[in-house]
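Before any comments, here is the structure.
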Amino acid sequence: MSVSAVGWGAVGPDFRTDFNLPASETRQVFDFLRERSPNDGGFTGQIVFSAPQGIADEQVRSSTETLFAQIAVLPGVSVTSPYSEAGAYQVSESGLVAFAQIRVSNRTQKGFEEIGRTIMDITVPAVDGLTVEYGGNIFYKFTMPASEALGVLAAIIILVLAFGSVIAMGLPVGTALVGLMTSAGVIALTSRIFSMPDFSIAMAAMIGLGVGIDYALFIVTRYREGLAHGYDPETAVVDSVDTSGRAVMFAGATVVISLLGLFLVGLPFVRGVAISSILSVLFMVLASLTLLPALLGFTQRKLDVTTWRGAIGLLLPVITGIPAILFKSAPIFLVGLALAVVVIVAGFFVPALRQQVPIHHSHRREDTFWYRWSRFIQRRPWRALLGGLVPLLVLALPLFSIRLGFADDGNYPRKETVRRAYDLLSDGFGPGFNGPLIVLVQSRDGATLDAAQTEAVAKTLNGTTDVAYASAPTPIGDDAAVITLFPKGAPQDRSTTQLVHRLRSDVAPTMDALVRVGGFPAAGVDFADYLGARLVWIIGGVLVVSFLLLMCVFRSLLVPLKAVVMNLLSIGAAYGIIVAIFQWGWGAGLLGLDKAGPIESWIPMFLFAIVFGLSMDYEVFLLSRMKEEFDRTGDNATAVADGLAVTARVITAAALIMVCVFASFVIGDDRQLKLFGLGMAVAVLVDATVVRMVLVPATMELLGARNWWLPRWLQWLPKIHVEGTHHDLAAEASALLSEHEATEAEPVA
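Have a look at this one:
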């Protein structure tokens with residue numbers, strides 16, 4: 001962790017979003033413009049301004065032109081002023097709103113975000129009524145959401161309630177935080193090697209915190225079970241690492257394998273997010289298998305020793321910290337902190353506060369709620385199966401209308417200047433001016449491009465449905481010209497997507513010149529088409545690998561088949577809910593969203609890869625216990641009930657922690673993180689409840705001993721012991737000790 005922190009401080013991250021899509025039409029336009037003109041084909045932005053006295057006012061013009069002049073002298077930056085002849089169309093019909101076009105060359109030595117900050121730092125001469133906003137990606141800076149702390153606080157509460165011990169809570173949380181900080185430093189350094197978007201750290205934190213706390217929880221739970229069975233602390237540590245530690249390695253491997261499937265997409269942007277997520281998971285596994293056992297060795301038998309003073313003193317600031325973050329009110333947290341101090345001090349005078357919190361150890365399996373629940377489901381398996389399937393299928397229905405794309409700047413919160421610039425442009429010109437299309441016109445034979453040809457293209461474009469305005473052609477050499485086209489719809493609207501397809505398939509082929517369409521909306525269309533075509537292959541590849549892996553683990557055909565189908569059901573339900581909320585707009589206001597939009601193209605494949613890997617964790621954890629009991633007793637019904645009784649409590653606690661961590665990102669401002677966080681939270685919640693607690697016991701009961709059938713011709717498959725060989729380590733330790741004592745007692749010859 002120290003090395004990664006020093007590396008971050010010494011070198012620093014270099015996050016950048018690279019939507020490079022090889023062989024796409026947008027990329028062809030981008031490359032051509034970059035080759036012909038260093039100041040074209042780069043990043044663009046707008047300076048949008050309005051004034052009630054009109055932008056023609058002398059003071060307004062003097063102030064804004066002073067600003068434009070200071071920007072124009074920046075290296076690699078060019079400005080098209082609305083007061084120039086080329087920018088005449090950049091003034092609204094009302095004369096109250098105008099914008100200057102900013103172009104940043106790809107060949108500049110500075111990053112576009114740094115240039116954006118430099119531009120915004122320039123002082124605008126004050127004029128009464130003048131409003132200046134900055135639009136475009138170069139002016140937006142991603143900030144890490146503070147809401148992730150809510151997930152950690154919720155995890156602390158869940159673990160304290162589940163364990164009844166401050167130390168048992170602190171170990172999983174502390175281990176996960178160490179893994180998170182270490183991975184964050186490594187990810188920052190890796191961003192200088194691979195292209196990673198600016199939200200990579202946030203994505204890695206979301207995934208890392210969820211899996212890290214869960215992985216450590218499984219090991220701590222196994223350690224406590226070992227102590228309860230009479231193991232000495234050292235033996236209990238060895239047993240927990242040899243059993244649950246193996247399961248953690250397998251769980252981490254399934255998530256990593258799922259994420260590696262994203263490399264098949266072949267896009268730097270997707271690969272960068274996948275690498276950051278993989279690094280986060282790997283460091284969480286490493287922390288759980290190295291740091292956590294060492295900490296358990298220090299705690300010995302004090303793991304469950306907690307006084308009322310310590311428990312109350314911890315929970316008060318944690319509980320008050322949640323509303324403090326939600327309402328951004330530090331005094332609420334300070335009140336909780338002050339009360340905690342009072343409780344700790346009072347413990348010196350009140351004996352009751354110094355008493356230990358009673359730990360409720362496990363009852364007989366037959367007396368637990370989850371054993372009785374399993375028997376309840378097993379007595380009516382068909383009704384349980386239908387009762388679980390129907391709601392999941394209903395939740396998944398919106399999936400069939402999913403529309404992939406990119407949300408535009410109108411989805412940012414109103415406190416962001418890019419959102420205010422978006423609104424000004426929409427009000428003054430129309431929503432399409434927030435995402436112009438770049439139409440490249442070239443001669444088909446490489447000869448000189450006739451002006452009549454370019455004018456004919458511009459005239460045709462202006463007469464095309466859903467086109468608000470197409471500018472006059474701007475020559476870039478003898479054989480090419482550029483036309484800036486503004487759609488009537490917003491960049492994320494379905495009408496704009498249809499316009500891009502119409503221009504390419506219907507308009508361009510009819511022109512005498514070669515016409516290609518680029519720009520941000522066209523890039524979104526190309527990206528969505530590219531990823532959508534590969535999503536099926538990625539899903540299919542992950543399903544096949546997971547099926548084969550589970551078949552080796554459980555030596556069965558039906559168990560892995562059911563696992564794959566049920567995981568698809570939980571992921572389908574998550575897809576359906578995010579489509580209903582983010583695309584249809586149902587309840588969007590409750591999540592702080594102003595409007596509906598498409599589903600970001602990259603999110604469905606990431607959601608599938610990660611959720612499928614996490615679902616396999618719970619599947620293996622539950623079914624391995626059922627298989628263990630079946631091998632021991634040969635009774636499928638008892639094995640199902642016993643397996644659920646042993647694992648349900650841990651699975652429920654682990655799932656609640658993941659749901660809280662993922663859901664905490666819904667409270668932030670970034671739409672992509674909201675979408676991803678909600679999808680993850682829903683998928684995990686559905687998987688750990690409806691799937692694991694209803695569908696699994698129901699189907700296991702219906703199939704009986706056939707669950708564990710494997711054809712003779714597949715008996716050659718390798719045997720994978722996910723949780724070790726389950727030796728009785730306590731007996732082995734006792735035997736070794738007796739042997740050692742007997743050796744020492746032998747007389748010396």
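Every letter in the sequence shown is one number past the one before it in full-length UniProt numbering, and letter 192, counting from 1, is 192.
The C-beta atom is built at its ideal place from N, Cα and C for all residues, glycine as well.
Model, not experiment: these values are computed from the prediction.
Do you know how far the Cα of residue 214 is from the Cα of residue 112?
-> In a straight line, the C-alpha of residue 112 is about 39 Å away from that of residue 214.
Nonlocal neighbours in the same chain, by C-beta distance under 7 Å from residue 37, ignoring five residues either side | Closer than 7 Å at the Cβ level, and outside the excluded window around residue 37, lie 476.
Within the chosen definition, does the segment 48–56 reach the segment 129–137 through at least 3 CB pairs nearer than 8 Å?
-> Short answer: they touch.
Assuming residue 621 contacts residue 146 under a Cβ cut-off of 8 Å, what Cβ separation, rounded to an integer in Å, is found between them?
-> A Cβ-Cβ separation of about 32 Å leaves residue 621 out of contact with residue 146 under the 8 Å criterion.
Environment of residue 678 [buried if 16+ CB atoms lie within 10 Å] = Residue burial annotation: residue 678 is buried, with at least 16 other C-beta atoms found within 10 angstroms of its C-beta.
Of the listed residues 167, 510, 483 and 322, nearest to residue 451 (C-alpha basis) = Residue 451 has its Cα closest to that of 483, out of 167, 510, 483 and 322.
Give, in chain order, every unbroken run of the alpha helix (DSSP H) that is at least 4 residues long and sits entirely within the UniProt domain "SSD" (175–298).
-> With a minimum length of 4 residues, the continuous alpha helix (DSSP H) runs that stay inside the UniProt domain "SSD" (175–298) are 200–228 and 233–260.
Is DSSP giving residue 316 helix, strand or coil here?
-> In the structure shown, residue 316 falls within a helical segment according to DSSP collapsed to helix, strand and coil.
If you pair each beta-carbon of the segment 568–587 with each one of the segment 221–233, do three or more pairs fall below 8 Å?
-> The segment 568–587, when compared against the segment 221–233, does not touch it at the 8 Å Cβ threshold.
State the CB to CB distance for the pair residue 293 and residue 220, rounded to an integer number of angstroms; the pair is presumed to be in contact (CB under 8 Å).
-> In fact, because the Cβ distance is near 10 Å, the residues do not count as touching under 8 Å.
Is the beta carbon of residue 159 within less than 7 Å of some heavy atom of the ligand GTP?
-> Among the ligands in the structure shown, none appear at all, so the ligand GTP cannot be discussed.
Between the CA atoms of residue 672 and residue 434 - distance to the nearest angstrom = Each residue's Cα considered, the two are about 19 Å apart.
Please report the Cβ distance between residue 197 and residue 269, rounded to the nearest whole angstrom; I am assuming they are in contact, meaning their Cβ atoms lie under 8 Å.
-> Indeed they touch by this definition, with Cβ atoms about 6 Å apart.
Are residue 71 and residue 104 close, meaning C-beta to C-beta below 8 Å?
-> No; because the gap between Cβ atoms is not below 8 Å, this pair is not in contact.
Exposure of residue 617, with buried meaning 16 or more beta-carbon neighbours within 10 Å = By the 10 Å Cβ count, residue 617 comes out buried.
Taking the C-alpha atoms as reference points, what is the distance between residue 28 and residue 503?
-> Between residue 28 and residue 503, the alpha-carbon positions lie close to 16 Å from each other.
According to DSSP, is residue 746 helix, strand or coil?
-> Residue placement at residue 746 is poorly supported in this model, since its pLDDT is 48, which falls under 50; the coordinates are not used for a value here.
In whole angstroms, what is the alpha-carbon distance linking residue 89 and residue 402?
-> Spanning the two alpha carbons is a distance of roughly 36 Å.
So, is residue 728 buried or exposed, given that buried needs 16 or more other C-beta atoms within 10 angstroms?
-> Note that residue 728 has pLDDT 47, beneath the 50 cutoff, so the model's placement of it is unreliable and no number is given.
When the Cα of residue 177 is compared with those of 208, 157, 351 and 609, which residue comes out closest?
-> Residue 208 is the option with its Cα nearest to residue 177.
Three CB pairs or more closer than 8 Å across the segment 157–174 and the segment 688–705 | Between the segment 157–174 and the segment 688–705 there are fewer than three inter-stretch CB-CB distances shorter than 8 Å, so the stretches are not counted as touching.
Can you tell me where the alpha helix (DSSP H) with residue 487 in it begins and where it stops?
-> Segment 480–487 is the beta strand (DSSP E) holding residue 487; no alpha helix (DSSP H) there.
Using CA coordinates, which residue listed in 479, 45 and 397 is at the minimum distance from residue 77?
-> Nearest neighbour of residue 77 by Cα position, chosen from 479, 45 and 397, turns out to be 45.
Limits of the alpha helix (DSSP H) - the one that residue 60 falls within | For residue 60, the enclosing alpha helix (DSSP H) stretches over residues 58–72.
Identity of the residues DSSP links to residue 49 by a beta bridge = Residue 49 is bridged to 98 and 132.
For residue 663, the three-state DSSP class (helix, strand or coil) = Note: residue 663 maps to helix in three-state DSSP.
Name the DSSP beta bridge partners of residue 103, please?
-> According to DSSP, which records beta bridges pairwise, residue 103 is partnered with 44 and 78.
Among 245, 121 and 279, which has the Cα closest to the Cα of residue 190?
-> Taking only the C-alpha atoms, the option nearest residue 190 is 279.
Which residues bound the beta strand (DSSP E) around residue 469?
-> That run of the beta strand (DSSP E) goes 467–470.
In the DSSP assignment, find the alpha helix (DSSP H) that holds residue 119 and state where it starts and stops.
-> Per DSSP, residue 119 belongs to the alpha helix (DSSP H) from 112–121.
Residue 306 and residue 167: beta carbons closer than 8 Å?
-> Yes. Within cutoff.
Roughly how many angstroms lie between the CA atoms of residue 321 and residue 329, to the nearest whole one?
-> Cα to Cα, the separation comes out at about 9 Å.
Rounded Cβ spacing between residue 203 and residue 273 (contact assumed at less than 8 Å) | About 6 Å separates the beta carbon of residue 203 from that of residue 273, a gap short enough to meet the 8 Å contact definition.
So, helix, strand or coil for residue 740, using DSSP?
-> Only weak support is given to the placement of residue 740: the predicted model assigns it a pLDDT of 46, under 50, and the value that follows is read from those uncertain coordinates. Collapsing the DSSP output to three states places residue 740 in a helix.
Go through its chain and collect everything with a Cβ distance to residue 119's Cβ below 6 Å, but skip five positions before and after it.
-> Here the set comprises 71.
Beta-bridge pairing of residue 516 - partner residues as DSSP gives them | BP columns for residue 516 point to 440.
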